[in-house]
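Structure record follows, encoded as structure tokens.
Numbering (full-length UniProt numbering), first residue to last: 1 to 306.
Right, dumping it as structure tokens:
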């Protein structure tokens with residue numbers, strides 16, 4: 001593996017016999033970032049927690065069958081009073097504070113998940129544990145033997161994570177029952193599976209799909225590259241107002257078409273008012289026939305004082 005001046009890592013692309021057939025670039029923003037260990041730990045913990053079924057269940061004294069009759073009278077027996085043979089201290093009784101079915105899923109922001117994956121991949125890439133192969137199985141017939149032979153020619157690691165493109169069905173069918181190989185599609189790649197594997201093996205098509213997919217979602221991870229799709233200009237009505245749930249920047253005046261009143265951010269009713277139309281200025285709202293709710297309230301109060 002080599003590193004160019006702009007920190008882009010370059011790895012050899014190997015064929016099924018282990019011979020070099022080209023080279024591939026590993027972008028620095030995906031394969032050469034600082035690994036945030038606490039972040040990776042949090043994301044992996046959340047992923048493992050979400051995988052739990054949460055179906056554990058115990059019966060309380062109200063769930064156990066029987067015990068509806070008082071076992072013996074309250075007084076006169078010389079024994080401690082009892083109300084049910086299904087009380088927790090009885091054999092066969094209910095459980096106190098036992099586990100009940102519930103979900104373990106944790107909310108993890110997408111940016112944290114993406115950052116954890118970048119950190120895990122960067123750690124593997126810096127150690128030379130990211131491989132790229134041109135293809136694993138030639139032809140249209142699946143072959144586990146041929147796929148494992150190709151992986152053996154590429155690496156000697158025992159626990160492998162193989163990343164495929166979605167259209168590489170032959171390679172998927174060839175490796176799905178291999179005990180030491182875990183297969184994922186490029187858009188399923190996650191930090192946990194990367195960390196569990198000794199080495200990560202991309203096919204050329206999978207690496208291209210992964211890099212291009214992460215570039216397309218750059219806006220979601222804080223990137224503002226030239227590939228980002230520009231936002232469409234908002235559509236305004238004939239009165240200059242915007243009708244929709246997400247107004248464009250600068251449109252902060254809320255208008256109510258039932259009362260034909262508008263509310264500025266300084267209005268005491270601004271937070272509780274549901275906007276049916278948005279304006280950028282109070283003058284635009286007045287030009288559309290709306291009146292200021294605060295002024296209307298002051299006028300009504302003055303009439304009442306008279």
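Note that the Cβ used here is the ideal one computed from N, Cα and C, for glycine as well.
- request: May I ask you to verify whether the region 142-150 touches the region 117-125, counting CB pairs closer than 8 angstroms and requiring at least 3?
  value: Output reads no: the region 117-125 does not touch the region 142-150.
- prompt: What three-state label does DSSP hand residue 242 in the structure shown?
  reply: Note: residue 242 maps to strand in three-state DSSP.
query: By how many angstroms is the C-alpha of residue 41 removed from the C-alpha of residue 182?
result: Computed Cα separation, rounded: 21 angstroms.
- request: For residue 31, collect the residues of the same chain with a Cβ closer than 6 angstroms to its Cβ; drop the 5 residues on either side in sequence, then sort them by chain order.
  value: Here the set comprises 9, 121, 122 and 125.
message: Less than 8 angstroms between C-beta atoms, sequence neighbours within five positions excluded: which residues of the same chain meet that for residue 260?
response: Exclusion of the five residues before and after residue 260 leaves 289, 290 and 291 as the residues of its chain whose Cβ lies within less than 8 angstroms of its Cβ.
- prompt: Are the region 195-203 and the region 148-165 touching, with three or more C-beta to C-beta distances below 8 angstroms?
  reply: Short answer: they touch.
field: Separation of residue 274 from residue 210, as counted between CA atoms
entry: Answer to the nearest angstrom: the Cα atoms are 42 angstroms apart.
Alpha-carbon to alpha-carbon, residue 55 and residue 101: Distance between the alpha carbons of residue 101 and residue 55: 5 angstroms.
query: Opposite residue 291 in the DSSP bridges: which residues?
result: For residue 291, which the question treats as bridged, DSSP gives the partners 261.
query: Among 49, 113, 60 and 195, which residue has its Cα nearest to the Cα of residue 106?
result: Nearest C-alpha to residue 106: 49.
- prompt: Closest by CA to residue 140, which one among 170, 253, 99 and 285?
  reply: The option with the nearest alpha carbon to residue 140 is 170.
message: Just to confirm before moving on: does the CB-CB distance between residue 83 and residue 60 stay below 8 angstroms?
response: Against a cut-off of 8 angstroms, the Cβ pair of residue 60 and residue 83 comes out as no contact.
- prompt: Looking at residue 282 and residue 253, is the spacing between their C-beta atoms short of 8 angstroms?
  reply: The answer is yes: Cβ separation under 8 angstroms.
field: Span separating the alpha-carbon of residue 153 from that of residue 247
entry: So the two alpha carbons sit approximately 57 angstroms from each other.
query: Can you tell which of 176, 214, 177 and 175 has its C-alpha closest to the C-alpha of residue 190?
result: Among 176, 214, 177 and 175, the Cα nearest to that of residue 190 belongs to 214.
message: Measuring straight from C-alpha to C-alpha, what distance separates residue 223 and residue 34?
response: Reliability fails at residue 223, whose pLDDT of 39 lies under 50, so the model's placement of it is uncertain and the value that follows must be treated cautiously. Per the coordinates, the alpha-carbon of residue 223 lies some 17 angstroms from the alpha-carbon of residue 34.
message: Which residue wins for smallest C-alpha separation from residue 279, given the options 294, 241 and 20?
response: Looking at the Cα atoms, 241 is the closest of the given residues.
task: For residue 202, write down the residues that DSSP places opposite it in a beta bridge.
output: Answer is 132 and 163, bridged to residue 202.
query: By DSSP, does residue 253 sit in helix, in strand, or in coil?
result: In the structure shown, the three-state DSSP call for residue 253 is strand.
query: Assuming residue 26 contacts residue 20 under a Cβ cut-off of 8 angstroms, what Cβ separation, rounded to an integer in Å, is found between them?
result: Cβ atoms of residue 26 and residue 20 stay farther apart than 8 angstroms, at about 16 angstroms.
message: In whole angstroms, give me the CA-to-CA distance for residue 4 and residue 128.
response: For residue 4, the predicted structure reports a pLDDT of 46, less than 50, and the residue's modelled location is therefore unreliable. A value from the coordinates is still provided. In a straight line, the C-alpha of residue 4 is about 15 angstroms away from that of residue 128.
message: With H, G and I counted as helix, E and B as strand and the rest as coil, what does DSSP make of residue 17?
response: Here residue 17 sits in coil by DSSP.
Own chain partners of residue 46 with C-beta closer than 6 angstroms, once the 5 adjacent residues on each side are dropped: 106 and 108, listed in sequence order.
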